[in-house]
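Visitor: Can you keep this structure in mind? I'll have questions shortly.
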Amino acid sequence: MDPEIQKMREVALVYLDRSGGLQKFVHDCKRYNDSKQSYAVYRFIISINPSDIAELDATLGNYILHNPLQAAQIFQSVCFIAVKTLSLIEQLQTEAQISILLKPTHLPPLPSYVLSLSAYPFNYTSQRFYMSEGIVIAMGTVTKYTQGARFLCTEETCLFSEGFRYIRVHCPGATESATVRTDFVCSLCSSSLQEDMKFRVLGDKQIVEMIDAKVLNALKGYSNDKSHFRIQACTAFLRDELVNKMTIGNHYRIIGIPACVQNGLQATACIEVNSIQLCKPNGPSFLSDNFKYLLSLTSSSCWRFTAVLANIFASQVVPPGTYNTLKLAILLSLVQTCEKENADYLDLLIVTSDTLVIDRLLNYSLCLLPRGIRHPPSSEIFPSVSKDKHGTGSASIQACSAVLAKGGVCYIGDLSSYKKDKLELLQSVLESRTTTVFIPGKKYGEEADQQVTISVQTNFWSFVDVDSSSKKHIQKENFLIGQMDMSLIPANLVDVFGLLIYNEFPSRRLSSPLVHHILKKAINPEAMLYKVSQQFRTQDYEEFILFAKNLHVELSSEAENLIQGYYLASRRVRRDSIHGSTLSASALKILISLSKAHTKLSLRQTVLEEDALIAILLLESSLTLKHGTSALCVAPNSVFPFDLSDENSLQQRDIYLMQCHHQLLKFIAAYGPGIHINTNEE
C-alpha cells in the first residue's frame with residue numbers, strides 16, 4: 001500500500017475522533033444495524049472543516065479540496081475498518097457497499113474556489129469543490145434517483161454470481177442510465193452482469209435553476225450601470241437531505257462539484273450541490289453626511305425631514321418640488337420592503353395622464369433597491385409550470401417578476417393593459433400575498449395532481465392612464481364629490497392597492513420647471529441640472545433606504561389610539577344602506593403600514609401621532625378618489641398644501657398640519673363615540 005495513502009487514512013481517523021465524526025458514524029451504523037435489512041449501499045455523511053483537517057495534515061486537506069471523490073475513498077476505507085473492527089453493521093460484507101459523502105463546512109476565501117455563474121468558461125471538468133452564489137429561478141418537483149445498486153454475474157458457476165462484489169454508486173453529474181447501465185461484464189469470467197433489483201437503493205432528487213444575482217440589474221427599468229454581461233441559468237442538483245431546502249426567488253450560497261450531464265446530443269453544465277446557505281440581505285448601511293446634516297436642520301418638527309426629502313427626491317428625473325405627494329408615497333413604499341413573513345406591504349396605484357414622466361420616475365425609484373423589478377410585458381407576473389428540460393418529464397415551476405422582486409418592488413406598468421384573468425389573479429395575490437401553482441399529475445408523470453403555494457413578498461407599483469380610461473369607457477354621471485372615474489379597473493382591485501394617488505400636474509398644463517427639465521435632459525442626459533442632485537446622489541439614496549428599511553419601529557399608544565379612532569369613525573361615515581361600510585378591513589393594516597413607513601423615513605423607532613396623521617391624510621385622499629369625500633373633508637394635496645421653497649413655507653406647512661390634526665380629533669369625537677383621544681388644549 002502507498003505509505004502516503006496509509007498516512008492520510010490515519011489522519012482521517014484522528015480527525016473523525018477529534019471532531020465527533022466517529023461518534024456520529026457509530027450512531028448512524030446503529031440505525032442501519034437495527035433495521036436488520038441488507039442494503040446494496042450504506043450511505044454516510046461526514047462533515048469536514050477544511051481548516052482543521054489542513055492543520056492536522058496539509059496533504060489530506062489539499063486532497064479533500066481538490067480531489068473530493070478520491071478523498072471520499074480514504075474515508076470509505078477508514079469507515080469500513082471501523083465497522084468490521086467494532087462489529088457495527090452485521091449485514092455489511094464489502095468496502096464497496098459504503099458510500100461516503102464529504103460535506104465541507106466552508107471553502108478557503110480565495111478566488112480559485114469561487115465559481116461565477118456568469119463567468120466564461122464554466123469549469124466543469126475539475127471535479128472539485130467550488131463555492132457559488134445565485135438566485136433560484138426555477139424548481140422541479142421531487143423525483144427518485146438510484147443511490148446505489150447491486151450487480152451479479154449471470155454465470156451461475158462464477159464466484160461473483162452472489163455476494164456484493166459489483167456495487168454501483170451515484171457519482172456527481174451521473175445520469176440514471178450511467179449508474180445502472182446494462183453493458184457491464186464480469187471481470188472474472190467476462191459474462192454479462194445483471195442488476196439485483198431487490199437491493200436497489202433509491203433517493204430523492206430535485207432539479208433547480210440558479211442564475212447570477214447580476215440578473216437583477218438587467219431586470220430594472222433604469223440603471224446607471226453601463227457594463228455589458230452575459231447571464232445564463234445554471235442547473236443545480238439537490239439530493240436526499242437537501243431536497244426542498246431551497247425556495248424559489250431566494251438568494252443562496254452553495255458549495256458543490258461542477259459536472260456535465262449528457263442528455264442525448266445535448267450537454268448541460270451543472271452543479272451537484274453539497275451544502276446550502278441562505279444569503280441574507282445586507283444589514284443596515286450608513287447615512288451620508290448630507291442626510292445627517294439635513295436631519296439636524298429639520299429636527300424642530302416631526303414633519304420637516306420627510307417633506308424636504310420628498311421635495312428633492314429624484315431630481316435626476318423630475319425637478320425638485322414637483323410630484324411631492326407621489327414621491328413621498330414612493331419613499332414610504334421603498335422603506336416598507338423586507339423579506340419577512342406577514343410584513344407591512346405598501347402597494348401604489350397612480351392615476352395619471354403623464355404616463356411618460358411617471359414611468360421614468362418609477363423606473364428611477366426601482367433602482368434604489370437591490371430587488372427592484374420592472375415586469376416585462378412578454379413574461380408572466382406570477383409563477384408558471386413547464387416541463388423539465390433535462391429529460392425527466394417532471395414539472396418545473398418557473399419564477400416570475402413578482403417572485404424575483406422578493407423583499408423589493410415589482411413594477412407592473414399600466415394596469416389597464418392587462419386582461420381580466422390577469423387582473424383577477426393580481427387581486428387574489430394582493431389580498432393573500434400568496435399564489436398557487438397547479439401541477440396536473442397526468443401531464444407530468446405523477447400519480448396525483450399537486451398544488452404548490454408560493455408566498456409573494458413584494459410591493460406592487462402600477463399606474464392607470466386616465467386619458468386611456470376616458471377613451472375606452474363612457475364616464476359615469478353619478479360621481480360623488482372628489483371621486484375619480486376608475487371604471488376601467490375593477491373596483492375590488494382598486495381597493496386592495498394600499499394607496500391610490502392622483503399626481504398633481506396633468507399633461508394638459510405641464511409646469512414650466514418640468515418642461516425645462518425634460519428639454520434639458522433630452523439635450524444632455526448626463527447633466528446635473530440642480531445643485532441638490534450633487535449633494536444627494538442616487539448612491540446616497542440607496543444607502544439611506546437600506547438604512548431606513550432595517551429600522552425596527554413600534555407603535556406608541558397615542559398613535560395607535562389616533563389610528564383606531566379614525567378607522568372606526570370612517571367606517572361609520574363611509575357606509576351606505578346597500579353595501580354597508582365602503583372602508584375595507586385592510587384599511588387598518590394600510591394605516592399602520594403607512595405610519596411605520598413615515599417613522600422609518602424620519603429615522604425614528606417610535607411611531608408618533610405626527611406619523612399617524614400623515615398616514616391618515618394619505619389614506620383619506622386615496623379613499624376620496626375611490627369613494628368620494630367624507631365628513632373629514634381633506635384637501636386634494638393635504639400633505640403638501642404649499643410649494644416648499646424656504647423655511648417659512650415649511651413653517652406654514654407645520655401650522656396647516658396641526659390644524660388638520662385638530663380637525664381630525666373633532667372628526668373622531670363626532671363620529672367615533674366611545675373613543676377617547678387625549679387632546680392638548682392650547
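Going by the UniProt record's numbering, the residue at position 501 of the sequence shown is 501; the numbering climbs one at a time, nothing skipped.
Where a beta carbon is used, it is the ideal one built from N, C-alpha and C, also for glycine.
Please list, in chain order, all residues of the same chain as residue 574 whose beta carbon is under 8 Å from its beta carbon, the five residues on each side excluded.
Guide: Against the sequence shown, residue 574 aligns to sequence position 574. Around residue 574: 581, 582, 583, 623, 627 and 630.
Visitor: Which of the three DSSP states, helix, strand or coil, is assigned to residue 399?
Guide: Position 399 of the sequence shown, counted from the first residue, corresponds to residue 399. Residue 399 falls in the coil class under three-state DSSP.
Visitor: Does the Cβ-Cβ distance between residue 667 and residue 653 come in under 9 Å?
Guide: In the sequence shown, residue 667 corresponds to position 667, counting from 1. In the sequence shown, residue 653 corresponds to position 653, counting from 1. Not closer than 9 Å, so no.
Visitor: Going by DSSP, what residue range makes up the alpha helix (DSSP H) through residue 563?
Guide: In the sequence shown, residue 563 corresponds to position 563, counting from 1. Where residue 563 is concerned, the enclosing alpha helix (DSSP H) stretches over 557–573.
Visitor: With respect to the alpha helix (DSSP H) encompassing residue 423, which residues constitute its N-terminal and C-terminal limits?
Guide: The sequence position of residue 423 within the sequence shown is 423, counting from 1. Element bounds for residue 423: 420–432.
Visitor: Specify the secondary structure class of residue 662 as computed by DSSP and reduced to three states.
Guide: Position 662 of the sequence shown, counted from the start, is the residue given in the question as residue 662. Helix at residue 662.
Visitor: In the DSSP assignment, what are the bridge partners of residue 275?
Guide: The sequence position of residue 275 within the sequence shown is 275, counting from 1. Looking at the DSSP assignment, residue 275 forms a beta bridge with 255.
Visitor: Go through its chain and collect everything with a Cβ distance to residue 293's Cβ below 7 Å, but skip five positions before and after it.
Guide: Stepping through the sequence shown from its first residue, residue 293 is reached at position 293. Nothing listed; no residue qualifies.
Visitor: Counting only the same chain and skipping the five closest in sequence on each side, list residues whose C-beta sits under 6 Å from that of residue 330.
Guide: Counting from one through the sequence shown, the residue named residue 330 turns up at place 330. Closer than 6 Å at the Cβ level, and outside the excluded window around residue 330, lie 365.
Visitor: Can at least three beta-carbon pairs, one atom from the stretch 549–561 and one from the stretch 346–356, be found at a separation below 8 Å?
Guide: No, because fewer than three Cβ pairs between the stretch 549–561 and the stretch 346–356 fall closer than 8 Å, the two stretches do not touch.
Visitor: Tell me, to the nearest whole angstrom, how far the beta carbon of residue 103 is from that of residue 46; I am working on the premise that it is less than 8 Å.
Guide: In the sequence shown, residue 103 corresponds to position 103, counting from 1. In the sequence shown, residue 46 corresponds to position 46, counting from 1. About 7 Å; that satisfies the 8 Å criterion.
Visitor: Applying the criterion that 16 or more other CB atoms from any shown protein chain within 10 Å of the CB defines a buried residue, is residue 342 buried or exposed?
Guide: Reading the sequence shown from its first residue, position 342 is the one you call residue 342. Residue 342 comes out exposed.
Visitor: How is residue 414 classed by DSSP in three states: helix, strand or coil?
Guide: In the sequence shown, residue 414 corresponds to position 414, counting from 1. It is a strand residue.
Visitor: My output table needs one value for residue 405: the three-state DSSP class, helix, strand or coil.
Guide: If you number the sequence shown from 1, residue 405 lands on position 405. Coil at residue 405, not helix or strand.
Visitor: Going by Cα to Cα distance, which pick from 394, 389 and 548 is closest to residue 448?
Guide: Position 448 of the sequence shown, counted from the start, is the residue given in the question as residue 448. For the residues 394, 389 and 548, the minimum Cα distance to residue 448 belongs to 394.
Visitor: Quick check on the DSSP output: the beta strand (DSSP E) that includes residue 131 runs from which residue to which?
Guide: The residue you call residue 131 lines up with position 131 of the sequence shown. Start and end: 130–140.
Visitor: Measure the C-alpha to C-alpha separation of residue 220 and residue 407 and round it to an integer number of angstroms.
Guide: Start at 1 with the first residue of the sequence shown, and residue 220 comes out as number 220. Start at 1 with the first residue of the sequence shown, and residue 407 comes out as number 407. Taking the straight line from one Cα to the other gives about 15 Å.
Visitor: What's the gap between the Cα of residue 473 and the Cα of residue 488?
Guide: Residue 473 sits at position 473 when you count from the first residue of the sequence shown. Residue 488 sits at position 488 when you count from the first residue of the sequence shown. In this prediction, residue 473 scores a pLDDT of 47, lower than 50, which makes its location untrustworthy; no coordinate-derived value is stated.
Visitor: In chain order, what residues of the same chain lie with their CB nearer than 6 Å to the CB of residue 98, ignoring the 5 residues before and after it?
Guide: Indexing the sequence shown from 1 puts residue 98 at position 98. Result list for residue 98: 42, 76, 79 and 80, in chain order.
Visitor: Per the contact definition of three or more C-beta pairs closer than 8 Å, is the stretch 210–219 in contact with the stretch 172–189?
Guide: They do not touch, by the three-pair rule.
Visitor: Would you kindly work out how many angstroms separate the C-alpha atoms of residue 177 and residue 150, rounded to a whole number?
Guide: Mapped onto the sequence shown, residue 177 falls at position 177. Mapped onto the sequence shown, residue 150 falls at position 150. Whole-angstrom Cα-Cα distance: 15 Å.
Visitor: State yes or no: is the C-beta of residue 401 within less than 9 Å of the C-beta of residue 384?
Guide: Taking the sequence shown and counting its residues from 1, one reaches residue 401 at position 401. Taking the sequence shown and counting its residues from 1, one reaches residue 384 at position 384. No, Cβ-Cβ distance for residue 401 and residue 384 is not below 9 Å.
Visitor: Would residue 411 and residue 374 qualify as a contact pair, given that the criterion is a beta-carbon distance under 9 Å?
Guide: What you label residue 411 is simply residue 411 of the sequence shown in a count that begins at 1. What you label residue 374 is simply residue 374 of the sequence shown in a count that begins at 1. Closer than 9 Å, so yes.
Visitor: Within the stretch 177–218, note down every full beta strand (DSSP E) run reaching 3 residues or more, in order along the chain.
Guide: Segments of the beta strand (DSSP E) lying fully in the stretch 177–218: 193–195 and 201–211.
Visitor: Is the Cβ-Cβ distance between residue 204 and residue 239 less than 9 Å?
Guide: As a first step, residue 204 must be located in the sequence shown, where it is residue number 204. As a first step, residue 239 must be located in the sequence shown, where it is residue number 239. Yes; because the gap between Cβ atoms is below 9 Å, this pair is in contact.
Visitor: How about residue 422 and residue 381: are their beta carbons less than 9 Å apart?
Guide: Position 422 of the sequence shown holds residue 422. Position 381 of the sequence shown holds residue 381. Going by C-beta atoms, residue 422 is nearer than 9 Å to residue 381.
Visitor: State the CB to CB distance for the pair residue 597 and residue 277, rounded to an integer number of angstroms; the pair is presumed to be in contact (CB under 8 Å).
Guide: As a first step, residue 597 must be located in the sequence shown, where it is residue number 597. As a first step, residue 277 must be located in the sequence shown, where it is residue number 277. Contact doesn't hold; Cβ gap of about 31 Å is too wide.
Visitor: Look up residue 248 in the DSSP assignment and say whether it is helix, strand or coil.
Guide: Residue mapping note: residue 248 aligns to position 248 of the sequence shown, counting from 1. Reduced to three states, the DSSP call for residue 248 is coil.
Visitor: Kindly indicate which three-state DSSP category residue 506 falls into: helix, strand or coil?
Guide: Taking the sequence shown and counting its residues from 1, the one referred to as residue 506 is at position 506. Because the pLDDT of residue 506 is 40, which lies under 50, any placement of that residue in the model is unreliable, and the number read from its coordinates should be weighed accordingly. Residue state, collapsed to three classes: coil.
Visitor: So residue 451 is in the alpha helix (DSSP H); what residue range does that whole segment cover?
Guide: By 1-based counting over the sequence shown, the position of residue 451 is 451. From DSSP, residue 451 is part of no alpha helix (DSSP H) but of the beta strand (DSSP E) over 450–455.
Visitor: With respect to the beta strand (DSSP E) encompassing residue 88, which residues constitute its N-terminal and C-terminal limits?
Guide: Working through the sequence shown from its first residue, we reach residue 88 at position 88. Element bounds for residue 88: n/a, residue is neither H nor E.
Visitor: Would residue 267 and residue 258 qualify as a contact pair, given that the criterion is a beta-carbon distance under 9 Å?
Guide: Numbered from its first residue, the sequence shown carries residue 267 at position 267. Numbered from its first residue, the sequence shown carries residue 258 at position 258. In this structure, residue 258 does not lie closer than 9 Å to residue 267 by Cβ.
Visitor: When you compare only the Cα positions, how much space is there between residue 9 and residue 24?
Guide: Along the sequence shown, one-based indexing puts residue 9 at 9. Along the sequence shown, one-based indexing puts residue 24 at 24. When rounded, the distance between both Cα atoms is 18 Å.
Visitor: From what residue to what residue does the beta strand (DSSP E) around residue 100 run?
Guide: Here residue 100 refers to the residue found at position 100 of the sequence shown. Counting along the chain, the beta strand (DSSP E) containing residue 100 begins and ends at 98–104.
Visitor: At what residues does the beta strand (DSSP E) containing residue 45 begin and finish?
Guide: One-based indexing of the sequence shown puts residue 45 at position 45. Residues 42–48.
Visitor: For residue 70, name the three-state secondary structure that DSSP assigns.
Guide: Taking the sequence shown and counting its residues from 1, one reaches residue 70 at position 70. Note: residue 70 maps to helix in three-state DSSP.
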